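Novice:
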Amino acid sequence: RGEVSTTPEPAAMLTSERLLDTGKRKRRPAPEGVLQELLYHATLHIVNIGDSYRVRQRKALDARIGKQLQGEARFIPVLTRKGGVGKTTISVLLGMAMADVREDRVIAIDANPDRGTLAERVPKQTRATVRDVVTRAGSIKAFSEFQTLISRDDTRLDILASDADPLVSEAFDEEDYAIVADMAARFYSVVVTDCGTGIVHSVMRATLQRADSIVVVSGGSVDEASETLTWLESNGYADLVKNSVVALNTATQGTNLVKLEEIEAHFRSRVREIVRVPYDPTLATGSTIRYSELRPLTRDAARELAALVVDGLPDRRGE
Numbered sequence: 058r059g060e061v062s063t064t065p066e067p068a069a070m071l072t073s074e075r076l077l078d079t080g081k082r083k084r085r086p087a088p089e090g091v092l093q094e095l096l097y098h099a100t101l102h103i104v105n106i107g108d109s110y111r112v113r114q115r116k117a118l119d120a121r122i123g124k125q126l127q128g129e130a131r132f133i134p135v136l137t138r139k140g141g142v143g144k145t146t147i148s149v150l151l152g153m154a155m156a157d158v159r160e161d162r163v164i165a166i167d168a169n170p171d172r173g174t175l176a177e178r179v180p181k182q183t184r185a186t187v188r189d190v191v192t193r194a195g196s197i198k199a200f201s202e203f204q205t206l207i208s209r210d211d212t213r214l215d216i217l218a219s220d221a222d223p224l225v226s227e228a229f230d231e232e233d234y235a236i237v238a239d240m241a242a243r244f245y246s247v248v249v250t251d252c253g254t255g256i257v258h259s260v261m262r263a264t265l266q267r268a269d270s271i272v273v274v275s276g277g278s279v280d281e282a283s284e285t286l287t288w289l290e291s292n293g294y295a296d297l298v299k300n301s302v303v304a305l306n307t308a309t310q311g312t313n314l315v316k317l318e319e320i321e322a323h324f325r326s327r328v329r330e331i332v333r334v335p336y337d338p339t340l341a342t343g344s345t346i347r348y349s350e351l352r353p354l355t356r357d358a359a360r361e362l363a364a365l366v367v368d369g370l371p372d373r374r375g376e
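Under our numbering, think of the first position of the sequence shown as 58, with each following residue one higher.
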């Protein structure tokens, strides 16, 4: 009530109840939606019926993708036993959908022991690779130094490339991945790992040990993804399988020959969720992906995948 205390007040006395004038009516933010905005402006901001249904859906999905994550970085490997099913494409779409919404940093790491192509899907801004991170790890103290080793796209997704030389890349093993992952965890909240083809190569064990959730990519064949899940279950990762999301890439040739509903029915008995990623000519070329140029259905699928993955991440990890 504006009265002055006879003794010095501690800072804790400045509570929100004391400072805020709850008697003043707060104006709702302007609505979004063609009809909603038209009515709002026509009535001189008096009638506000709220956002349209589509806008409410978009904001709800944004809230799921942008969920605050307390503590250490979360790791999300994207994997499959078979090549050519769009694993790298799914990794990029997932990372872009998260980076476009989240306020913290998101990075996608190419952990393919062979020559990966993750860095080719965004405008390349550096020739640095995971090998440079391993070599310079001891001298990197600030994010500004690490930033010189990555490429960044319009969504603010950072990309760390794999070794470009196949002869050198064979040396990238689980110890090297641990160094790269530790460095990424210092500067990022979410780390998407584009794993190499197969699930028994040298980096996979280190990748799975850090995983908070996994995305298994299927190109329309039950065998390829189902065997991946079976291997994981048989090697101590049953909890990851139950919490996993299957990305069904319908742009592959195999999806034209099978009943996708039957594939989905099979996976629903084993994993948490399934997302269909539709064909998109922007993705089919295998070149640079520009998130803003994707078809709306493709962006919707990427956003749904991101929301489902974030849903399965723990809210807090040990600090």
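Note that beta-carbon positions come from the ideal geometry of N, C-alpha and C, so glycine has one too.
Since the structure is predicted, the reported quantities are computational estimates derived from the model, not experimental observations.
Assuming the contact rule is C-beta atoms closer than 8 Å, aspartate 239 and arginine 131 should be a hit. Round their C-beta distance to whole Å, please.
Specialist: Walking along the sequence shown from the start, residue 239 turns up at place 182. Walking along the sequence shown from the start, residue 131 turns up at place 74. Not quite, the Cβ-Cβ distance comes to about 14 Å (not below 8 Å), so this is no contact.
Novice: So, do the region 159-174 and the region 282-302 have three or more beta carbon pairs nearer to each other than 8 Å?
Specialist: Result no; under three Cβ-Cβ pairs closer than 8 Å.
Novice: Return the CA-CA distance between valine 328 and arginine 111, expressed in angstroms with no decimal places.
Specialist: Looking up residue 328 in the sequence shown gives position 271. Looking up residue 111 in the sequence shown gives position 54. Each residue's Cα considered, the two are about 28 Å apart.
Novice: DSSP three-state label for arginine 162, please.
Specialist: Within the sequence shown, the letter at position 105 stands for residue 162. If DSSP states are grouped into helix, strand and coil, arginine 162 belongs with coil.
Novice: What does the alpha-carbon distance come out to for the pair valine 163 and glutamine 266?
Specialist: Position 106 of the sequence shown, counted from the first residue, corresponds to residue 163. Position 209 of the sequence shown, counted from the first residue, corresponds to residue 266. The straight-line gap from Cα to Cα measures roughly 19 Å.
Novice: Which of helix, strand or coil does DSSP assign to alanine 358?
Specialist: The residue you call residue 358 lines up with position 301 of the sequence shown. Correct three-state label for alanine 358: helix.
Novice: How is the alpha helix (DSSP H) around serine 201 delimited, first residue to last?
Specialist: The sequence position of residue 201 within the sequence shown is 144, counting from 1. Taken as a continuous stretch (DSSP letters only), the alpha helix (DSSP H) holding serine 201 covers 200-203.
Novice: Since leucine 362 and alanine 154 are thought to touch, with beta carbons under 8 Å apart, how far apart are those beta carbons, to the nearest angstrom?
Specialist: Within the sequence shown, residue 362 is the residue found at index 305, counting from 1. Within the sequence shown, residue 154 is the residue found at index 97, counting from 1. Right, the Cβ-Cβ distance comes to about 7 Å (below 8 Å), so this counts as a contact.
Novice: Alpha carbon to alpha carbon, what distance is there between alanine 69 and leucine 101?
Specialist: Within the sequence shown, residue 101 is the residue found at index 44, counting from 1. Within the sequence shown, residue 69 is the residue found at index 12, counting from 1. So the two alpha carbons sit approximately 41 Å from each other.
Novice: Hey, is the region 140-157 in contact with the region 185-194, meaning 3+ C-beta pairs nearer than 8 Å?
Specialist: With a cut-off of 8 Å, the region 185-194 and the region 140-157 do not count as touching, because too few Cβ pairs lie within range.
Novice: Tell me whether alanine 194, by its Cβ, gets closer than 7 Å to a heavy atom of the ligand SAH.
Specialist: This structure lacks the ligand SAH; in fact it carries no ligand of any kind.
Novice: Going by C-alpha to C-alpha distance, which of Gly343, Leu206 and Leu317 sits closest to leucine 175?
Specialist: In the sequence shown, residue 175 corresponds to position 118, counting from 1. It is Gly343 whose Cα lies nearest to the Cα of leucine 175.
Novice: With three or more C-beta pairs closer than 8 Å as the rule, is the region 317-328 touching the region 109-128?
Specialist: Cβ pair count under 8 Å is below three, so no.
Novice: Between Thr345, Ile147, Tyr348 and Ser283, which lies nearest to glutamate 321 when the distance is taken from Cα to Cα?
Specialist: In the sequence shown, residue 321 corresponds to position 264, counting from 1. Checking every option, the nearest Cα to that of glutamate 321 belongs to Ser283.
Novice: Of all the options Leu92, Asp171 and Arg178, which has the alpha carbon lying nearest to the alpha carbon of leucine 150?
Specialist: Locating residue 150 in the sequence shown gives position 93, counting from the first residue. Comparing Cα-Cα distances from leucine 150 to each of Leu92, Asp171 and Arg178, the minimum goes to Arg178.
Novice: Which whole-angstrom value is the C-beta distance of isoleucine 331 and leucine 305, which I expect to be below 8 Å?
Specialist: Numbered from its first residue, the sequence shown carries residue 331 at position 274. Numbered from its first residue, the sequence shown carries residue 305 at position 248. At roughly 6 Å, the Cβ-Cβ gap stays under 8 Å, so isoleucine 331 and leucine 305 are in contact.
Novice: Looking only at C-alpha atoms, which of Val334, Ser301, Thr345 and Arg360 sits nearest to leucine 370?
Specialist: Sequence index remark: in the sequence shown, residue 370 carries index 313 (1-based). Checking every option, the nearest Cα to that of leucine 370 belongs to Ser301.
Novice: For serine 109 versus aspartate 251, is the C-beta distance shorter than 8 Å?
Specialist: On the sequence shown, residue 109 is found 52 positions in, with the first residue counted as 1. On the sequence shown, residue 251 is found 194 positions in, with the first residue counted as 1. Contact flag unset, no.
Novice: Taking all protein chains shown into account, do 16 or more other C-beta atoms lie within 10 angstroms of the C-beta of valine 367, making it buried, or fewer, making it exposed?
Specialist: Taking the first residue of the sequence shown as position 1, residue 367 is located at position 310. Classification for valine 367: buried.
Novice: Indicate the three-state DSSP secondary structure (helix, strand or coil) for valine 61 in the structure shown.
Specialist: The residue labelled residue 61 in the question sits at position 4 within the sequence shown. Residue state, collapsed to three classes: coil.
Novice: So what's proline 134 in DSSP terms, helix, strand or just coil?
Specialist: Here residue 134 refers to the residue found at position 77 of the sequence shown. Reduced to three states, the DSSP call for proline 134 is strand.
Novice: Have a look at Ala218, Pro180 and Asp171 and flag the residue whose alpha-carbon is nearest the alpha-carbon of aspartate 210.
Specialist: Position 153 of the sequence shown, counting from 1, holds the residue named residue 210. Residue Pro180 is the option with its Cα nearest to aspartate 210.
Novice: For serine 208 and threonine 355, I'd like the C-alpha separation in whole angstroms.
Specialist: Along the sequence shown, read from residue 1 onward, the residue named residue 208 stands at position 151. Along the sequence shown, read from residue 1 onward, the residue named residue 355 stands at position 298. Answer to the nearest angstrom: the Cα atoms are 23 Å apart.
Novice: Here's the rule I'm using: 16 or more other beta-carbon atoms within 10 Å means buried, otherwise exposed. How should glycine 128 be labelled?
Specialist: Sequence index remark: in the sequence shown, residue 128 carries index 71 (1-based). By the neighbour-count rule (16 or more Cβ atoms within 10 Å), glycine 128 is not buried but exposed.
Novice: Helix, strand or coil for glutamate 350? Go by DSSP, reduced to three states.
Specialist: Here residue 350 refers to the residue found at position 293 when the sequence shown is read from its first residue. Three-state result, glutamate 350: helix.
Novice: How long is the line joining the alpha carbons of threonine 205 and alanine 117, rounded to whole angstroms?
Specialist: Here residue 205 corresponds to residue number 148 of the sequence shown, with the count starting at 1. Here residue 117 corresponds to residue number 60 of the sequence shown, with the count starting at 1. Approximately 35 Å between the Cα atoms of the pair.
Novice: With a cut-off of 8 Å on the beta carbons, I'd call valine 248 and leucine 136 a contact; round off their distance for me.
Specialist: Here the question's residue 248 lines up with position 191 in the sequence shown. Here the question's residue 136 lines up with position 79 in the sequence shown. That pair is no contact at about 14 Å.
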